[in-house]
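If you're matching positions, the sequence shown starts at 1 in UniProt numbering and goes up one per residue. The beta-carbon is built from N, C-alpha and C at its ideal position, and this holds for glycine as well. These notes concern the structure reproduced below.
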Amino acid sequence: MTTSSPGTAAPVRPDQTRTSAPVLQVDGLVRVYGDLRAVDGVSLRVDPGETFGLLGPNGAGKTTTILMIAGLLRPDAGSVHVAGTDMAADPIRAKGHLGLVPQELAIYPELSARDNLRFFGRLQGLRGTRLKTRVEEVLELVGLEDRSRKPSKTFSGGMKRRLNIGIGLLHEPTLLILDEPTVGVDPQSRHAILESVATLTEAGMAVLYTTHYMEEAERLCDRIAVMDEGRVQAQGTRDELVELVGDADVVVLAGGGALEVAEAAVEVLPAVQRVTRDAEGLRLTVRGAPTAIAGIVTAATDAGMSLHDVQITRPDLESVFLHLTGRALRD
Numbered sequence: 001m002t003t004s005s006p007g008t009a010a011p012v013r014p015d016q017t018r019t020s021a022p023v024l025q026v027d028g029l030v031r032v033y034g035d036l037r038a039v040d041g042v043s044l045r046v047d048p049g050e051t052f053g054l055l056g057p058n059g060a061g062k063t064t065t066i067l068m069i070a071g072l073l074r075p076d077a078g079s080v081h082v083a084g085t086d087m088a089a090d091p092i093r094a095k096g097h098l099g100l101v102p103q104e105l106a107i108y109p110e111l112s113a114r115d116n117l118r119f120f121g122r123l124q125g126l127r128g129t130r131l132k133t134r135v136e137e138v139l140e141l142v143g144l145e146d147r148s149r150k151p152s153k154t155f156s157g158g159m160k161r162r163l164n165i166g167i168g169l170l171h172e173p174t175l176l177i178l179d180e181p182t183v184g185v186d187p188q189s190r191h192a193i194l195e196s197v198a199t200l201t202e203a204g205m206a207v208l209y210t211t212h213y214m215e216e217a218e219r220l221c222d223r224i225a226v227m228d229e230g231r232v233q234a235q236g237t238r239d240e241l242v243e244l245v246g247d248a249d250v251v252v253l254a255g256g257g258a259l260e261v262a263e264a265a266v267e268v269l270p271a272v273q274r275v276t277r278d279a280e281g282l283r284l285t286v287r288g289a290p291t292a293i294a295g296i297v298t299a300a301t302d303a304g305m306s307l308h309d310v311q312i313t314r315p316d317l318e319s320v321f322l323h324l325t326g327r328a329l330r331d
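Below, the structure written as structure tokens:
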């Protein structure tokens with residue numbers, strides 16, 4: 001993964017090298033709240049230089065899983081090892097290998113970008129020349145050199161997000177956890193964030209990445225785990241996940257009218273594997289869509305659906321996600 005971005009000249013020197021030893025090893029994580037098993041036996045592995053995507057609809061258990069991986073929430077069962085260190089046995093050492101960038105901004109708005117980095121750098125144990133060097137490197141990497149002395153309260157949402165990421169990078173973590181880092185940012189900042197992530201992994205840093213944007217997972221992630229109902233439903237490379245759908249196509253019936261009745265009418269057709277309904281119409285997983293489409297359209301219209309568009313696409317990550325969860329990623 002080779003790319004250019006704002007600040008790609010800034011050196012990134014993670015301690016790890018590309019070896020077979022995982023940076024993150026998660027085994028059988030469980031977290032229970034009353035009768036709810038929010039996380040139910042999650043296991044995954046992240047290797048050096050890998051961007052690992054954790055995807056799931058709202059309520060799937062992603063945030064709870066991230067909190068346990070980061071050592072901010074104790075699991076009821078299972079284990080987390082970061083760079084070979086057991087989080088439960090030696091949490092301080094394990095957390096020292098982590099850089100956590102939460103979805104909620106963690107910056108001081110009255111301070112400049114440079115002063116925010118200096119403050120958090122000291123908290124992370126950086127001092128003197130080392131701190132000064134890392135602040136300059138991180139400012140360049142996240143593309144904030146020109147605004148580094150301005151109060152961060154004057155920044156756009158995207159610039160604040162980039163500063164948030166920079167804070168997580170200061171101590172050169174072995175594993176960077178990015179929890180939906182591009183939510184609500186402008187296109188330019190989003191592009192800069194994605195380019196920065198690619199630069200970091202090219203330099204050997206491991207990244208655990210959660211997102212509600214499927215195109216980001218397609219672009220960045222080497223491997224992906226799809227979570228739903230507290231469990232990892234499947235994980236692997238993009239191509240490995242797409243194979244789960246087999247030779248099925250995705251058919252989108254856009255329109256209105258009697259959608260609930262139309263859904264019931266098409267889901268009993270032999271070629272139809274799954275149907276989901278939303279405000280735009282119906283989305284179907286279909287085997288042999290080119291030959292089955294005429295019968296599908298007839299069944300939907302006879303049931304009272306008014307169609308204004310029909311689309312057929314080959315399987316992609318969105319298809320896999322719908323196949324595994326029955327929901328769109330943003331649901």
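Give the DSSP-derived three-state secondary structure of residue i in the structure shown.
i           : result
F119        : helix
I312        : strand
L200        : helix
D27         : strand
G34         : coil
S148        : coil
L163        : helix
P6          : Residue placement at P6 cannot be trusted, given a pLDDT of 38 that sits under 50; the coordinates are not used to answer.
Q16         : Low confidence applies to Q16: its pLDDT is 40, below 50, so where it sits in the model is not reliable, and the reading given next is rough at best. The answer is coil: DSSP assigns Q16 none of H, G, I, E or B.
A271        : coil
F155        : coil
P11         : Bear in mind that a pLDDT of 37 at P11, under 50, signals an unreliable position, so the model cannot answer this.
Q188        : helix
V226        : strand
M1          : Since pLDDT at M1 reaches only 33, below the 50 mark, its modelled position is unreliable, and no value is offered.
V320        : helix
residue 332 : Here the chain comprises residues numbered 1 to 331, so residue 332 is not present and cannot be evaluated.
R130        : helix
D239        : helix
Just mark residue i as buried or exposed, buried being the case when its beta carbon has 16 or more other beta carbons within 10 Å.
i           : result
residue 361 : In the structure displayed, the chain extends from 1 to 331; residue 361 sits before or after that span and is not available.
R114        : buried
H97         : buried
R31         : buried
D179        : buried
D228        : buried
R147        : buried
I92         : exposed
A38         : buried
P109        : exposed
T63         : buried
S4          : Residue placement at S4 is flagged as unreliable, the pLDDT there being 34, under the threshold of 50; a coordinate-derived value is accordingly withheld.
K160        : buried
R134        : buried
V82         : buried
A206        : buried
T154        : exposed
Name the residue from the options whose alpha carbon lies nearest to the alpha carbon of residue i.
i           : options               : result
residue 339 : V23, R122, V268, D249 : The structure shown does not extend to residue 339, since the chain is modelled only from 1 to 331, so the question has no answer here.
D278        : E267, V297, V252      : V252
A262        : D76, L284, E229       : L284
residue 332 : T174, G84, V185, K150 : The displayed coordinates of the chain run from 1 to 331. Any statement about residue 332 would go beyond what the structure contains.
Y67         : K132, E50, M87        : In the sequence as presented, Tyr is not what sits at residue 67; that position holds Leu. Residue M87 is the option with its Cα nearest to L67.
T237        : E50, E140, V135       : E50
G281        : L123, V272, G255      : G255
L241        : L269, I177, S319, S43 : S319
A21         : T85, S189, A89, L200  : T85
I312        : T325, A303, V286      : V286
L141        : L200, D222, R223, L73 : L200
G78         : D90, S43, L55         : S43
I69         : L55, E104, D27        : D27
Rounded to whole angstroms, what is the Cα-Cα separation between residue i and residue j?
i           : j    : result
M305        : G257 : 5 Å
G61         : P48  : 25 Å
T8          : E218 : For T8, the predicted structure reports a pLDDT of 35, less than 50, and the residue's modelled location is therefore unreliable. The matter cannot be settled from this model.
H212        : P187 : 15 Å
residue 332 : R274 : In this structure the chain extends from 1 to 331, so residue 332 is not present and cannot be described.
V245        : H323 : 7 Å
L126        : H171 : 7 Å
V80         : G34  : 23 Å
E260        : V297 : 15 Å
L317        : M214 : 7 Å
P57         : T129 : 44 Å
V226        : F321 : 7 Å
A234        : S156 : 37 Å
residue 356 : T210 : No information on residue 356 is available, as it lies outside the stretch 1 to 331 that the chain covers here.
T19         : G204 : In this predicted model, T19 has a pLDDT of only 46, less than 50, meaning its place in the structure is not dependable; the value taken from the coordinates is given anyway. Rounded to whole angstroms, T19 to G204 spans 10 Å at the Cα level.
D239        : L269 : 28 Å
Is the CB-CB distance between residue i and residue j below 8 Å?
i    : j    : result
G99  : R231 : no
R45  : L24  : yes
V101 : P173 : no
A294 : V266 : no
L169 : V138 : yes
I165 : N116 : no
A94  : G71  : yes
V264 : A292 : Reading off the sequence shown, one finds Ala at residue 264, where the question assumed Val. In this structure, A292 does not lie closer than 8 Å to A264 by Cβ.
A192 : G143 : yes
Does the beta carbon of residue i fall short of 7 Å from some heavy atom of the ligand HEM?
i   : result
L24 : Only the bare structure without any ligand can be found here, which leaves the ligand HEM out of the picture.
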